[in-house]
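Residue numbers (the numbering used here), protein chains in the order written: chain A, 1 to 793; chain B, 794 to 841.
Glycine included, every Cβ here is placed at the ideal spot set by N, Cα and C.
Comments concern the structure below.
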Amino acid sequence: MSKTLETLSCFHCGDTCQNAVIHLEDHVFCCEGCKTVFQILQENSLCRYYEMDANAGLKMDKPLAPGKYAFLDNPELSEPLYQFKKEQRARVQFFIPEMHCASCIWLLERLYKLLPGVLESRVNFDRKEVAIQFNPEEVTLRQLVEKLSALGYEPALNARREEKKNYRSLLNRLGVAGFCAGNIMLFSFPEYLGMDPQSHDNFAEVFKWLNVSLSLPVVFYSAQPFFVQAWKGLRYKNLNIDFPLALGIATLFVRSILEVVFHWGPGFFDSLSALVFFLLIGRWLQDRAYDSLSFDRDFRSYFPLAVELISEDPDGTEANYISLSRLKVGQVIRVRNQELIPADCLLISGDAYIDYSFVNGESEIEKIDTGRMIHAGGRQLGGAVLLQVARPVSESYLSALWNQQEKKEGEETIKTFSDHVGRYFTLALVLIAVATLVYWLPVDPYKAFSAFTAVLIVACPCVLVVAAPFAFGNAMRWLAKKGIYLKNPDTVEKAARVNEVVFDKTGTLTEGSARIRELFNELNSEERSLAAGLFSQSSHPVSRMMLRYLGTAKKVDGVTFTEIPGKGIEALVGADKWKLGSEKWILGTAESVGESAVCIAKNGKFLAHFAINWQFRDDLDTLFSNWDLPRSLYSGDRPTSENILQKWFSDNQLHFECSPEDKLNALREKRLEGAFPMMVGDGLNDAGALKEAWLGVAITEDVHSFTPACDVILVGKSIHTLPKFLRFCRNTLKTVKFSFIFSLVYNLTWMTFAVRGELQPLVAALLMPISSITVFSINTLGIRYFAKKEGIQ
Amino acid sequence: MTIIFILIGCSLLLAVGFLIAFIWSVRSGQIDDTTTPGYRILEEDTEV
Numbered sequence: 001m002s003k004t005l006e007t008l009s010c011f012h013c014g015d016t017c018q019n020a021v022i023h024l025e026d027h028v029f030c031c032e033g034c035k036t037v038f039q040i041l042q043e044n045s046l047c048r049y050y051e052m053d054a055n056a057g058l059k060m061d062k063p064l065a066p067g068k069y070a071f072l073d074n075p076e077l078s079e080p081l082y083q084f085k086k087e088q089r090a091r092v093q094f095f096i097p098e099m100h101c102a103s104c105i106w107l108l109e110r111l112y113k114l115l116p117g118v119l120e121s122r123v124n125f126d127r128k129e130v131a132i133q134f135n136p137e138e139v140t141l142r143q144l145v146e147k148l149s150a151l152g153y154e155p156a157l158n159a160r161r162e163e164k165k166n167y168r169s170l171l172n173r174l175g176v177a178g179f180c181a182g183n184i185m186l187f188s189f190p191e192y193l194g195m196d197p198q199s200h201d202n203f204a205e206v207f208k209w210l211n212v213s214l215s216l217p218v219v220f221y222s223a224q225p226f227f228v229q230a231w232k233g234l235r236y237k238n239l240n241i242d243f244p245l246a247l248g249i250a251t252l253f254v255r256s257i258l259e260v261v262f263h264w265g266p267g268f269f270d271s272l273s274a275l276v277f278f279l280l281i282g283r284w285l286q287d288r289a290y291d292s293l294s295f296d297r298d299f300r301s302y303f304p305l306a307v308e309l310i311s312e313d314p315d316g317t318e319a320n321y322i323s324l325s326r327l328k329v330g331q332v333i334r335v336r337n338q339e340l341i342p343a344d345c346l347l348i349s350g351d352a353y354i355d356y357s358f359v360n361g362e363s364e365i366e367k368i369d370t371g372r373m374i375h376a377g378g379r380q381l382g383g384a385v386l387l388q389v390a391r392p393v394s395e396s397y398l399s400a401l402w403n404q405q406e407k408k409e410g411e412e413t414i415k416t417f418s419d420h421v422g423r424y425f426t427l428a429l430v431l432i433a434v435a436t437l438v439y440w441l442p443v444d445p446y447k448a449f450s451a452f453t454a455v456l457i458v459a460c461p462c463v464l465v466v467a468a469p470f471a472f473g474n475a476m477r478w479l480a481k482k483g484i485y486l487k488n489p490d491t492v493e494k495a496a497r498v499n500e501v502v503f504d505k506t507g508t509l510t511e512g513s514a515r516i517r518e519l520f521n522e523l524n525s526e527e528r529s530l531a532a533g534l535f536s537q538s539s540h541p542v543s544r545m546m547l548r549y550l551g552t553a554k555k556v557d558g559v560t561f562t563e564i565p566g567k568g569i570e571a572l573v574g575a576d577k578w579k580l581g582s583e584k585w586i587l588g589t590a591e592s593v594g595e596s597a598v599c600i601a602k603n604g605k606f607l608a609h610f611a612i613n614w615q616f617r618d619d620l621d622t623l624f625s626n627w628d629l630p631r632s633l634y635s636g637d638r639p640t641s642e643n644i645l646q647k648w649f650s651d652n653q654l655h656f657e658c659s660p661e662d663k664l665n666a667l668r669e670k671r672l673e674g675a676f677p678m679m680v681g682d683g684l685n686d687a688g689a690l691k692e693a694w695l696g697v698a699i700t701e702d703v704h705s706f707t708p709a710c711d712v713i714l715v716g717k718s719i720h721t722l723p724k725f726l727r728f729c730r731n732t733l734k735t736v737k738f739s740f741i742f743s744l745v746y747n748l749t750w751m752t753f754a755v756r757g758e759l760q761p762l763v764a765a766l767l768m769p770i771s772s773i774t775v776f777s778i779n780t781l782g783i784r785y786f787a788k789k790e791g792i793q
Numbered sequence: 794m795t796i797i798f799i800l801i802g803c804s805l806l807l808a809v810g811f812l813i814a815f816i817w818s819v820r821s822g823q824i825d826d827t828t829t830p831g832y833r834i835l836e837e838d839t840e841v
């Protein structure tokens, strides 16, 4: 029996049916969702869907939350989604990440059969987009989106997409250049065949002027982008990569016009127009390649966020985490001190002091009254608050907040490096070209000009500018697959330069469990649950540990809550002043035997004392066994577990009882010494140190604490991949550098021919796109190779 | 040999015609998506 079960695969999605198999007619389905989709299709006689690609469907085991798209009924919120809206005709365009095969296109373009009111739907498969025209009087936007979702094609409504790149103007320029180049070549035939210009009715003269007129659209329309870019650069006193191209085109044109006007010769109109034609083709190919990649990067490398969902029972403390994308309107979530508001929410209870600095850059803290709206992206300061979701926000929105964080001072990325190379290279190039011109001019004026242009064209370092972001974006995508999320592509280069690593201990090297010993406990049961309630407000690992230890938390109302970093929690409950935190802060001395200790005091009366010994992660041996950088540890705890840590660190690498400021200062010192330290720590409590470090890596346990203060987010269980991560980034950078060197060598080689006047400008224009394509290939293949080598796949 | 000039005029006109056709096709969006039509042609509309 088990044998037959194994071979059963769902008729809709093709997955192996694991436990419950649903039979319908002759087909089997793995889940109700898949069966439902099949039924919908069958009712509308759209079963050809399965003929085109067997098992084309998308797995439907997660039912759509009812009301998820209720917000679309609100005209204010749905308005921006429309491209066009009138009484009987509206047009929307959705990005559908799940689109993957010919069947998808077929079904999506037959949406009008499934949903009356849909007038037309057109798919753009490359961009995974569907443009739908519908009659808003017959079908609402919400019904439309829900129908798509029910079929498994849930549109990504909030996905922020770059403005659609318009190839149309580039294509038009390309077309004009091709037309002119072809005809100019035709009229240059007498020249090629060496006909005597005097003998045939002024043909040569007429052809010359025809060429002049045909070259005008080439120079002034088709080649316009080169001139515009070069001029933009010049205005900022910068020789950019378009400058040599613009100079080459302009020189050829002016020289040719002079030749025709003064009857020196036929000019170089054929070379000129073909040159522009090939340059535009190269640019078009390059843009397409770059586009298709950045598209992939934008949608595959988002950090999966989770939020803490409170069960329906408002007094319940049972918390579970769900992924942000499954958050529904009306659900209640808890956001603790320092955590980010994941969606637009209404405040139910608690004191909300929201710091919107990630959203609008202003550091003013806003106090929110109960029942008022809190916007996504704000950060809660103060105790935990309960929020009701008013409108879910996509992960891409929060990720965008993360990405747009300003750069740290003095940061130099390879992008600016390639700008430098570009600038000096361009300058050198122009000088060499001028030298060539000066050398050849007395010898052979014809050769002089063609050599001059050939030098400018063949050595153009265009590809350098796009190569680095392209490669890093690629690397970022590989890493995201492994649970390593980078803030932006430039982070790869920063990681490659890391030469020292600083670890935090609690929450980083230790996992979220510990042994807790009671040294002293005079808490009565009410005080105990109240203390638990106070701990539940904070996101610090010690607080979470204590909450788990103390058990049921009492719901605390009317509390003034402050969390002092490195010390503890201070709260006013009714008339009682509570202090929960480190021994040093409450007792004034530190004497207990645990690694860290927590004291509880009420109105100055010492009530309880706990010692905490943390459990280290299992895979630390793997982490440190192939470690090749200097490392050190800064911990806020006392050195009792030193004997364990000594396995991995020597004595002078261990630093204990550090306050958050101490960590920050240690990192600042290292930076001043010229090192590039990477800080690995808990995103919320080491935020300062993470920011100060050259590269801040936040370790998260349950992927719910999203902290924009870091460059990299690493899921706790993949901490052992850190050395691989650093090696991979270094290899990526090497690949990029190699491709730079390759392109320089390539350009220099051809330049030697060009300088000697042995290279026609036309051939130069053909050679240039070849170098672009080679550089792209080196980067793509190189990074794929290193990703495989490090097992990042 | 004056006929050559007329021929040149004709050939240029013809070429301009093709250029206009190309620009029109770009403007009407025919070149925006070069993948999907390839799939679309495989779909056979058997429904009534």
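Under 6 Å Cβ to Cβ from residue i, same chain only, skipping five residues before and after it: list those, please.
i               : result
E563 of chain A : N337, S538 and I569
K663 of chain A : Y634 and A689
D444 of chain A : none
A496 of chain A : C729, R730 and L733
I801 of chain B : none
R122 of chain A : A131
What span of residues does the alpha helix (DSSP H) with residue i cover, start to end?
i               : result
S818 of chain B : I796 to R820
I834 of chain B : Neither: I834 of chain B is in no alpha helix (DSSP H) and is coded neither H nor E.
F452 of chain A : P445 to V458
V755 of chain A : L722 to V755
V542 of chain A : P541 to L550
C31 of chain A  : Where C31 of chain A is concerned, there is no enclosing alpha helix (DSSP H), given that its DSSP letter is neither H nor E.
A181 of chain A : R168 to F187
Mind checking residue i: buried by the 16 CB within 10 Å criterion, or exposed?
i               : result
C47 of chain A  : exposed
R638 of chain A : buried
P75 of chain A  : exposed
K481 of chain A : exposed
E406 of chain A : Model confidence at E406 of chain A stands at a pLDDT of 47, short of 50, so the residue's coordinates are unreliable and nothing is read from them.
N626 of chain A : exposed
A428 of chain A : exposed
N521 of chain A : exposed
A468 of chain A : buried
M373 of chain A : exposed
Which whole-angstrom value describes the C-beta separation of residue i and residue j, a residue pair presumed to lie in contact below a C-beta threshold of 8 Å?
i               : j               : result
F452 of chain A : T426 of chain A : Not quite, the Cβ-Cβ distance comes to about 15 Å (not below 8 Å), so this is no contact.
I699 of chain A : G681 of chain A : 7 Å
T491 of chain A : V260 of chain A : In fact, because the Cβ distance is near 55 Å, the residues do not count as touching under 8 Å.
Q246 of chain A : F277 of chain A : Position check: residue 246 of chain A holds Ala in this sequence, whereas Gln was assumed. Their Cβ separation, rounded to whole angstroms, is 16 Å, which puts A246 of chain A and F277 of chain A out of contact at 8 Å.
D697 of chain A : L714 of chain A : The amino acid occupying residue 697 of chain A in the given sequence is Val; Asp does not appear at that position. About 6 Å separates the two Cβ atoms, so the contact holds.
V37 of chain A  : G152 of chain A : 6 Å
Under 7 Å, Cβ to Cβ, is there at least one residue of chain A near residue i?
i               : result
L800 of chain B : no
A814 of chain B : no
I796 of chain B : no
I824 of chain B : yes
Looking only at its own chain, which residues have a Cβ that is under 7 Å from the Cβ of residue i, when we skip the five neighbours before and after it?
i               : result
T780 of chain A : N474
P767 of chain A : According to the sequence displayed, residue 767 of chain A carries Leu and not Pro. V458 and W750, listed in sequence order.
E790 of chain A : K724, R727 and F728
F616 of chain A : L509, T510 and I644
S818 of chain B : I824
If we define contact as Cβ-Cβ less than 7 Å, is residue i a contact residue for chain B?
i               : result
W106 of chain A : yes
F243 of chain A : no
D287 of chain A : no
V219 of chain A : no
G410 of chain A : Its pLDDT being 44, under 50, G410 of chain A is placed unreliably in this model, and the value from its coordinates should be taken loosely. So no, G410 of chain A is outside the interface.
Looking only at its own chain, which residues have a Cβ that is under 8 Å from the Cβ of residue i, when we skip the five neighbours before and after it?
i               : result
L280 of chain A : L170, R173, L174, A177 and S222
L381 of chain A : N337, Q338, Y353, I354, D355 and I365
May I ask which residues mark the beginning and end of the beta strand (DSSP E) holding residue i?
i               : result
V123 of chain A : V118 to N124
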